[in-house]
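J.: What follows is a single structure, and I will ask about it in a moment.
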Amino acid sequence: MGHRVRKAVFPVGGLGTRFLPATKVMPKEMLTVVDKPLIQYAVEEAAAAGCEHFVFVTARGKGALEDHFDAAPDLERQLEEKHKDEALDAVRKYLPKTGQISYVRQTNPLGLGHAVWCARHIVGNEPFAVLLPDDLILADIPCLKQMADVYETVGGHLVASEDVPRAHTQRYGILDVETDDGKLAKAKGLVEKPKPEDAPSTLSIIGRYILDPVVFTPLDKGVRGAGNEIQLTDAMAVTMSMVPFHGLRFVGKRFDCGDKVGFVEANVAFALKRPDMEAQVRAALKTLLA
Ligand code: G1P
Numbered sequence: 314m315g316h317r318v319r320k321a322v323f324p325v326g327g328l329g330t331r332f333l334p335a336t337k338v339m340p341k342e343m344l345t346v347v348d349k350p351l352i353q354y355a356v357e358e359a360a361a362a363g364c365e366h367f368v369f370v371t372a373r374g375k376g377a378l379e380d381h382f383d384a385a386p387d388l389e390r391q392l393e394e395k396h397k398d399e400a401l402d403a404v405r406k407y408l409p410k411t412g413q414i415s416y417v418r419q420t421n422p423l424g425l426g427h428a429v430w431c432a433r434h435i436v437g438n439e440p441f442a443v444l445l446p447d448d449l450i451l452a453d454i455p456c457l458k459q460m461a462d463v464y465e466t467v468g469g470h471l472v473a474s475e476d477v478p479r480a481h482t483q484r485y486g487i488l489d490v491e492t493d494d495g496k497l498a499k500a501k502g503l504v505e506k507p508k509p510e511d512a513p514s515t516l517s518i519i520g521r522y523i524l525d526p527v528v529f530t531p532l533d534k535g536v537r538g539a540g541n542e543i544q545l546t547d548a549m550a551v552t553m554s555m556v557p558f559h560g561l562r563f564v565g566k567r568f569d570c571g572d573k574v575g576f577v578e579a580n581v582a583f584a585l586k587r588p589d590m591e592a593q594v595r596a597a598l599k600t601l602l603a
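Structure below.
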């Protein structure tokens with residue numbers, strides 16, 4: 314099937330006001346979970362799903378992101394001289410090859426749909442992934458890989474989905490479900506951030522998408538939706554008559570790292586998954602909670 318996903322788009326233009334002052338001079342995507350910035354988790358996930366081209370939609374003040382994905386000759390030379398092999402490996406091994414990353418500026422923060430639209434010329438006319446680094450997913454099989462495998466058969470638009478408490482529907486895009494086998498749900502409609510009483514279901518969109526390029530057609534028009542923003546959810550909704558739309562209940566645990574509590578929780582969960590840290594973190598938590 315011609316449904317291979319080669320390109321991944323990372324909307325990284327957001328301000329990160331919820332984490333001020335940490336994000337005053339540092340992009341929110343550089344916030345660290347254990348010892349890696351959020352953006353690195355997202356790029357590694359895309360690479361694990363087979364993506365070969367990474368498109369960052371950036372904005373002013375996001376230079377640290379570009380530097381993080383560039384070689385650091387001085388640092389690397391010093392680590393070499395000191396024979397710090399592990400550290401050297403840590404700063405090198407995640408780097409995509411030259412030419413595999415492109416940067417495009419979103420000059421106006423008009424919404425997620427607009428951010429994705431800014432990448433249209435680099436994406437071209439093929440299916441592509443979108444990853445929101447705020448949503449960090451702990452999984453044995455990386456979430457986007459799970460999706461890419463399913464995408465080979467379903468095509469169209471595919472999003473990662475999760476059931477959320479009805480009281481939280483206003484934080485998410487919500488599916489209007491047509492059929493649902495418990496893993497894969499086919500939707501007949503989508504609503505961005507509905508009030509609990511208006512939500513057609515409690516099945517939400519999590520920040521992983523594989524999209525058919527037809528999604529760019531409505532985005533060209535720049536119509537504003539919820540919160541007066543150009544919404545990706547709306548662009549998917551109006552193209553649902555042209556391509557199938559599915560939500561995949563992925564296997565894994567998702568952390569909302571755009572939220573302080575979620576971010577702290579992610580740090581603990583990821584540390585507990587690290588063989589080199591697990592025992593000590595467990596003991597430290599026990600003491601703290603006693
Ligand atoms: C965005 C999308 C929303 C989706 C969410 C997932 O919202 O607009 O549909 O459910 O990401 O994290 P945001 O979190 O940017 O407000």
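Residues are numbered in the working numbering as their position in the sequence shown, beginning at 1, plus a constant of 313. Glycine included, each C-beta is placed from N, C-alpha and C at the ideal position. Being a predicted model, the structure only gives us computed values, none of them experimental.
With H, G and I counted as helix, E and B as strand and the rest as coil, what does DSSP make of Glu358?
T.: Residue state, collapsed to three classes: helix.
J.: Can you give me the C-alpha to C-alpha distance between Met314 and Asp462, rounded to a whole angstrom?
T.: Note that Met314 scores 46 on pLDDT, short of 50, meaning its location in the model is unreliable and no value can be drawn from it.
J.: Tell me whether His411, by its Cβ, gets closer than 7 Å to a heavy atom of ligand 1.
T.: Looking at the sequence shown, residue 411 is not His but Thr. Not under cutoff, so the answer is no.
J.: Just reading off the beta strand (DSSP E) that Val574 is part of, what are its end residues?
T.: Where Val574 is concerned, there is no enclosing beta strand (DSSP E), although the alpha helix (DSSP H) it sits in stretches over Lys573 to Leu585.
J.: Could you check whether the Cβ of Glu505 sits closer than 7 Å to any heavy atom belonging to ligand 1?
T.: Checking the Cβ of Glu505 against ligand 1 gives yes.
J.: Taking the runs of the alpha helix (DSSP H) that are 4 residues or longer, which of them lie wholly in the segment 406 to 464?
T.: Taking only runs of at least 4 residues, the alpha helix (DSSP H) segments lying wholly in the segment 406 to 464 are 425 to 430 and 433 to 436.
J.: Skipping 5 residues on each side, what residues in its chain have a beta carbon closer than 8 Å to that of His381?
T.: Once the five neighbours on either side are set aside, the close Cβ partners of His381 are Met343, Pro350, Ile352 and Gln353.
J.: Below 8 Å, can you find three or more Cβ-Cβ pairs linking the segment 390 to 400 to the segment 492 to 503?
T.: Result no; under three Cβ-Cβ pairs closer than 8 Å.
J.: Starting from Lys499, trace the beta strand (DSSP E) in both directions and tell me its first and last residue.
T.: Segment Leu497 to Glu505, the beta strand (DSSP E) holding Lys499.
J.: Measure the CB-CB distance between Ala512 and Arg479 and report whether it falls below 8 Å.
T.: Result yes, Cβ atoms of Ala512 and Arg479 sit closer than 8 Å.
J.: Throw me the rounded Cβ distance for the Ile523 and Ala442 pair, which I believe falls under 8 Å.
T.: Yes, they are in contact, since the Cβ atoms of Ile523 and Ala442 sit about 5 Å apart, within 8 Å.
J.: Can you grab the Cα-Cα spacing for the pair Ala550 / Pro446, in whole Å?
T.: Cα to Cα, Ala550 sits roughly 23 Å from Pro446.
J.: Between the segment 317 to 329 and the segment 361 to 375, do at least 3 Cβ pairs fall closer than 8 Å?
T.: Yes: the two stretches touch, three or more of their Cβ pairs being nearer than 8 Å.
J.: Whose C-beta lies closer than 8 Å to the C-beta of Cys431 among residues of the same chain, with five residues either side of it excluded?
T.: Cβ within range, chain order: Val370, Val417, Arg418 and Gln419.
J.: Using 7 Å as the cut-off, classify the Cβ of Thr546 as near or not near the heavy atoms of ligand 1, replying yes or no.
T.: Yes, the beta carbon of Thr546 sits closer than 7 Å to at least one heavy atom of ligand 1.
J.: CA-CA distance, Ala452 and Pro509?
T.: Those two C-alpha atoms are separated by around 29 Å.
J.: For Leu561, list the residues DSSP reports as bridge partners.
T.: Its beta-bridge partners are Ala473 and Leu497.
J.: Measure from the alpha carbon of Lys375 to the alpha carbon of each residue in Val346, Gly329 and Lys410, then state which is nearest.
T.: The candidate whose alpha carbon is nearest that of Lys375 is Gly329.
J.: Is Asp348 helix, strand or coil when you go by DSSP?
T.: Coil, per DSSP.
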